[in-house]
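As structure tokens, the structure follows; a few thoughts come after it.
Number of protein chains: 4
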Amino acid sequence: MAIDLSYDPVVQDVIDKTSEFVRSHVLPIEEKFAGDIAAAGGDELRLELRDRARDLGILAPHAPVEYGGLGLNMSDRSPVFEAAGYSVFGPIALHIGAPDEGNVHMLAHVADAEQKEKYLAPLARGDVRSAFAMTEPAPGAGSDPAALRTAAVKVDGGWKINGDKWFITGADGAGFFIIMARTAGEPGDRGGATMFLAPADTPGITVGRHINTIDRAMIGGHCEVAFRDVFVPDEDVLGEVDEGYRYAQVRLGPARMTHVMRWMGSANRARDIAIDYVARREAFGGKLGDLGMIQQMVADNEIDLAAARSLLVKACWVLDQGGHGGDETSIAKTFAAEAFSRVVDRSIQMCGGMGVSDDLPLARLQRELRPFQIYDGPSEVHRWALAKRAVGKARKAAAAGGKP
Amino acid sequence: MAIDLSYDPVVQDVIDKTSEFVRSHVLPIEEKFAGDIAAAGGDELRLELRDRARDLGILAPHAPVEYGGLGLNMSDRSPVFEAAGYSVFGPIALHIGAPDEGNVHMLAHVADAEQKEKYLAPLARGDVRSAFAMTEPAPGAGSDPAALRTAAVKVDGGWKINGDKWFITGADGAGFFIIMARTAGEPGDRGGATMFLAPADTPGITVGRHINTIDRAMIGGHCEVAFRDVFVPDEDVLGEVDEGYRYAQVRLGPARMTHVMRWMGSANRARDIAIDYVARREAFGGKLGDLGMIQQMVADNEIDLAAARSLLVKACWVLDQGGHGGDETSIAKTFAAEAFSRVVDRSIQMCGGMGVSDDLPLARLQRELRPFQIYDGPSEVHRWALAKRAVGKARKAAAAGGKP
Amino acid sequence: MAIDLSYDPVVQDVIDKTSEFVRSHVLPIEEKFAGDIAAAGGDELRLELRDRARDLGILAPHAPVEYGGLGLNMSDRSPVFEAAGYSVFGPIALHIGAPDEGNVHMLAHVADAEQKEKYLAPLARGDVRSAFAMTEPAPGAGSDPAALRTAAVKVDGGWKINGDKWFITGADGAGFFIIMARTAGEPGDRGGATMFLAPADTPGITVGRHINTIDRAMIGGHCEVAFRDVFVPDEDVLGEVDEGYRYAQVRLGPARMTHVMRWMGSANRARDIAIDYVARREAFGGKLGDLGMIQQMVADNEIDLAAARSLLVKACWVLDQGGHGGDETSIAKTFAAEAFSRVVDRSIQMCGGMGVSDDLPLARLQRELRPFQIYDGPSEVHRWALAKRAVGKARKAAAAGGKP
Amino acid sequence: MAIDLSYDPVVQDVIDKTSEFVRSHVLPIEEKFAGDIAAAGGDELRLELRDRARDLGILAPHAPVEYGGLGLNMSDRSPVFEAAGYSVFGPIALHIGAPDEGNVHMLAHVADAEQKEKYLAPLARGDVRSAFAMTEPAPGAGSDPAALRTAAVKVDGGWKINGDKWFITGADGAGFFIIMARTAGEPGDRGGATMFLAPADTPGITVGRHINTIDRAMIGGHCEVAFRDVFVPDEDVLGEVDEGYRYAQVRLGPARMTHVMRWMGSANRARDIAIDYVARREAFGGKLGDLGMIQQMVADNEIDLAAARSLLVKACWVLDQGGHGGDETSIAKTFAAEAFSRVVDRSIQMCGGMGVSDDLPLARLQRELRPFQIYDGPSEVHRWALAKRAVGKARKAAAAGGKP
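Chains as they are written, first to last, in full-length UniProt numbering: chain A, 1 to 404; chain B, 1 to 404; chain C, 1 to 404; chain D, 1 to 404.
What follows is the structure in structure tokens.
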């Protein structure tokens, strides 16, 4: 036991291969789509890229080895995902994009053997995509999951689900859904949710309109999905009845961190583009990159990225130790989401008129990065949770007679 | 002489009519274009809206009365432009968008009688649009105007112009160009520029590709324009030869402020949408608008908008007094551009998932507002100019034996 | 009616004289006290400086002419107070420091003729100082005035007051107190307060310890004051019984703004010292003032000061028009308090090691400026009030069928 | 090799003992000095505290085991120093304050056997204190070490040193000095410096006035020191002649990080005091700690501290691996220094009037923390160095044909 921040050579090899693959193979493809990265090019391209990644031995670094993945823990998958995120198509290629990556993670932890065979195996291979149907339109479950309104009622041999979801990432084209529905209590109660597995062609499931958002790269979009008398047999209940919120936590902490990993890659790219620009571009009798105000932006980008990465390393390690990581993941997510937006905004500013044009991908990266301050819990909700715990601890300490 | 921040009833009437016109007539039209506001709907719509504005007596509040405008000075046009800017189509309707508005301003100050008849009159009426061809691709005139490379050489009866421009707003469909070209000195000298007037169909003028930028509302786009052996007769030289930089200053200070006015309208709208949202939306057992972190964003929006407006009022008053207003316009522009981006970003955050979706126009407004930190002089250039003057004054004071 | 931001020559003359007086006479005295500016040098010095200011015709610019002042309204007193604030001893010299200045303002508006003769006349002349006894230790009236606990009960011929106050500025050495006490309702009610006038030697009034704060310049300190069976005759009730909160508003809005005016002077001085330093100091083969990161700080100081001043001008004008100015004074106060701390912090940073040493007065100015983010309503309370009103307006508009 | 962020039980024991010692023994002593922490109570108290720490087995965790220390590397000493820094007297007690701690580090790396016996041994035991005489008044070596003017000339059997230093921490009462003097080249050259060891009573060394700075806790102050014909024999040259800048780097990187460690402790304390306050304090019908704007400050403190600590862990690990750590230490230092000032400033704001009073130690902690943005290289110099390296790398990559 002692501080160690190095990676095993086996992991380092995956990182290097991923980085090389993204730069030599994925980025040129992304560039061809420039200005139209909707759905990361679609499923056909996705399967092509997947096959290539599999051949290179870098597919699904997070998935269990028995299902064809590399079985890397959170700490080790982190730099791989970051390398993949350098292109918005990279996570698709390695099959580590949201929500599949988080769904693999949850199924590996919660599903029983039959469910693993039926749902996890094809998902881990990338033969199908999946969706996680939790978020609901107002006044349902959004930032406040306790407001869950979609309901499942017990029927003979299974459950019948009714409700409306939205912002369901990847729904269009998904092979199956993990559905969060209330099985006890009332909207506002923080209990009584259950998770259900259902193939996409189950009668009563309808994928509706895409909610157009400023980010465009997510394959399968962010969709409205309606559930009308959807029957789920008992064997497709994921884990225990009424334990849905607990499983959601299993998924959400790590999923939050893998978002940070991937978008760190995008932020790195914005940074690189801007430094390259100011290193070359002349103005005011010299290079832009030698001007103090530009240097300040360069340095602030370095600081923001280093801090985000260090917080991520800490959070992943806590999760790998079996910790809940509530504070660490909220801190890393909140800082990183805001830092990435600062990085890409400074990068735009450094490039002047080019920065706001399509001649550089910076404005596009800004659109992909901005929503992360809202997705996976808005910064305000994470700050509220952090403060509640910190103040709660202080109260307990004070009650115990302690003082700072 | 005494502080007065009120408007004459005549001016107030124009403000009120503009505000009413934009909300009842222009916004509904803009909404029909939602998601596709490119070029503010095009010239046909522009002419329709113009006629309506003219009928209401609010067309061209900045243009001289003798050319059909209302002749308002900077101070008085400010709240009118702000009211018009509430819709991105509003400035088109009142014919006060960039670059026409600034070109009207400059022609009114610099053009001779014949030039006024030929160029200013149809422009002030909105019968034609115009473009101001100054900015050049690297290594030409960008943030540093002294790098001007487009050159005009004296020929019999006029001048022959050669060079390449880019980011020429409104070029596509413009009736004429005001061209900035070097008539003396070398790139890097801060002198020897001249302004030329040329109808768009002058041989040798070619409007090239649109530079796609994140803002979309500008009619006529931001284009590349090539000038190849363009002949401009002596009578179409605007003002004196070699005095172009001086005239550019006449244009740029006020143009900077009218940008602030219009985009203040957009920022107001973002603020209004977000407050309306949080005032209604329930979460965590109450309304979003009653939560402290949301209230902080609401208040910061109020503060940013009030400060931007107050700085604008000051700068306009200085310009109206005949002052150069270098410091005041740089301060107002720099603060406002950054403040507007903060306002719209907070507004997005306040609306959560809706904020990053097309279901609200916030993301679109963010795209229109972001470039203002770069257009009309990046913030860094304004800060550099401000600091240079401030430090210069301190040096003079120190040399004179003064101390703080 | 039209925008005018100029000052009458008479006012300009007071500004210029004040500026000259402070620089040639007051600053050299302040410098002698360097490192020990406690209580602005004490009452003896105060009276000397007052006499000098009276001789120059710049004493008490805010006081009614009939009581020896210059009778300037809020707008006109603003630049005078700012000029005086360039030295922390300046407001003492002109007799415009807190709380006397606000007490003069309130007595002029609320006191009856006899009270004016007894209390206002000697105060306006600066023969005595005064204190405003409102703030109480927890759980009493602090940021939340409704928590008022000091109580006055009706007795024969007057009132008997009991309670404890703290943070009572100027209490030590004050000639009289204005006491805010509850005459109806319970702590938590926003009503039922009354203001009482009482000479400092009234039996039962005890000035206790000074609360040592990071600011040191306030004459009379910030003290604890105990009121034990203090008898106040009916004729010394200020205004109407139970109307104390209303009168407090009469005092607080303007008092907030005069704080901004005075501390703007301190911020100006910090700025000037730092620019002077970087304009002279060599490093890295040039002058500090020519380095981009330093220029950014110089420019940001200019922007912050200009914005604070513009917001102040607006708020004063609204108050002069008879407006309540709740929003405008909260905005100006909140922005200015934070901006001044930024300005002095940047100024320190610009001066490096000298900036944190007593060799320059910057660290001292930082200590005087920091508390303003808390005094006169913490920034959070002003933001809360701003948001409440803004959201309230949106709710009303929505209820009326409006939409943004 | 794999990410590990845990500490060996032996190290954890030192952390725990230090934390317990500081809270139960050191803090109560510090509190007795409240308002007068100058020089951390002086040398007598220092020796008492040292003996106590030695008895507990936590003295000098950084010093080599053969000289009585615990021999902890950078990574392991980090949480110990942080625990000690919770009181400003803690580092004195463990004998890990600046500059002694850095001098021990450098002597252990550079001194020869005799020098170690003569200088390091008594220093490691805490029998004497020491000073590092590098910084000079303008136009000498400050932020720009190359400006070094103090000169050493070769004489028979040794060197003769002349020059003036200032901001020499710990000089008053130091047992010996490490003197940086130019032995080749001219001011402005980045070479030709040599380090010399000299007992404080060497003829020609005069400790002058203390430069009063806003921080007060440093034992021995920040002093001016004059060197007049100071003779240093050849055997007291530290390391090689003309290699002083290289050794300075050996000292500065780690010294920068130990500053971060210690001041992290102070920032933790500010955070704890403020949370304790808002957890108890009632206002507006509830606890301050349940209000959203307060929660935001609580959360931002958590985020800032976590990010600073994570960056520190990274930098220490790089140094422990033998890396130069130029980027990592600059990033950690710059972020941490600014973050600590934000933390203490928010803590003050959270406590309102109490926050700016001496009734809480927050204002005092702010004074100790602010200078760190300037000491050990101002933030601007670190940002400049970071940017220079980043832009330089981009240039090399571009020259090699790479693109981002």
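Built from N, CA and C at the ideal position, the CB exists for glycine as well.
Apart from the 5 residues on each side of it in sequence, A147/D sits with its Cβ closer than 7 Å to the Cβ of P139, G140, A141, P187, G188 in its chain, given in chain order. Going by DSSP, H105/D is part of the alpha helix (DSSP H) stretching over 100–110. Non-local beta-carbon contacts of A217/D in its own chain, meaning distances under 6 Å to residues more than five positions away in sequence, involve I37, A40, V88, E368 in chain order. Note on H382/C: 16 or more other CB atoms within 10 angstroms of its CB, so buried under the neighbour-count rule. Between the alpha carbons of N73/D and S266/B lies a distance of about 56 Å. Secondary structure of K403/D (DSSP, three-state): coil. The alpha-carbon of A226/B is positioned some 7 Å away from that of G208/B. DSSP, reduced to helix, strand and coil, places H25/A within a helical segment of the structure shown.
Two segments are said to touch when three or more pairs of C-beta atoms, one from each, lie closer than 8 Å; by this definition the stretch 269–280 of chain D touches the stretch 340–354 of chain D. Against chain D, a Cβ distance below 8 Å from G142/C picks out A283, G352, G353. Secondary structure note for G265/D: its alpha helix (DSSP H) is the uninterrupted segment 244–280. Between L238/A and A133/A, the CB-CB gap reaches or exceeds 8 Å.
Take the alpha-carbon of R54/D and the one of T18/D: they are about 11 Å apart. For the stretch 39–92 of chain D, not one full-length beta strand (DSSP E) segment reaches 3 residues or more.
One thing to note: M195/C has its Cβ no nearer than 8 Å to the Cβ of I211/C.
Pairing Q115/C with L197/C gives a Cβ-Cβ distance under 8 Å.
In the DSSP assignment, S130/C falls within the unbroken beta strand (DSSP E) covering 130–133.
Neighbours of M293/D across chain B, judged by C-beta separation under 8 Å: G292, M293, Q295, Q296. Rounded to whole angstroms, the separation of the alpha carbons of M106/A and V250/A is 7 Å. Secondary structure at E136/B: coil, using DSSP grouped into helix, strand and coil. V356/A sits close to I374/B, with the two beta carbons spaced by under 8 Å. Interface criterion met: the Cβ of Q373/A is under 8 Å from a Cβ in chain B. Think of a sphere of 8 Å around the beta carbon of T169/C: no beta carbon from chain D falls inside it, the nearest being about 11 Å out. Nearest in C-alpha terms to D272/D, of all of I331/A, D376/A, A152/A, K403/A, is K403/A. Apart from sequence neighbours up to five positions away, the residues of its chain that approach F167/D with a beta-carbon distance below 7 Å are T135, I211, H222, ordered along the chain. Chain B places no beta carbon closer than 8 Å to that of M257/C, leaving this residue out of the contacts. If you look at F372/A, you'll find it isn't in any alpha helix (DSSP H); DSSP assigns it neither H nor E. The continuous beta strand (DSSP E) containing D164/B extends over residues 158–169. At a cut-off of 8 Å between beta-carbon atoms, M1/A makes contact with chain D.
The C-beta distance from G163/A to A181/A rounds to 6 Å, short enough to fall under 8 Å.
Judged by DSSP in its simplified three-state form, S357/B adopts strand.
Taking 8 Å as the CB threshold, T18/C stays off the interface with chain B. Judged by their CB atoms, E101/D and M264/D are not nearer to each other than the 8 Å cut-off.
Beta-bridge partners assigned by DSSP to D189/D: P187/D. Residues of the stretch 136–165 of chain D with a C-beta less than 7 Å from any C-beta of chain C: A138, P139, G142, S143, D144, listed in chain order. The residue among A397/A, L365/A, F372/A, A385/A with its C-alpha nearest the C-alpha of E31/A is L365/A.
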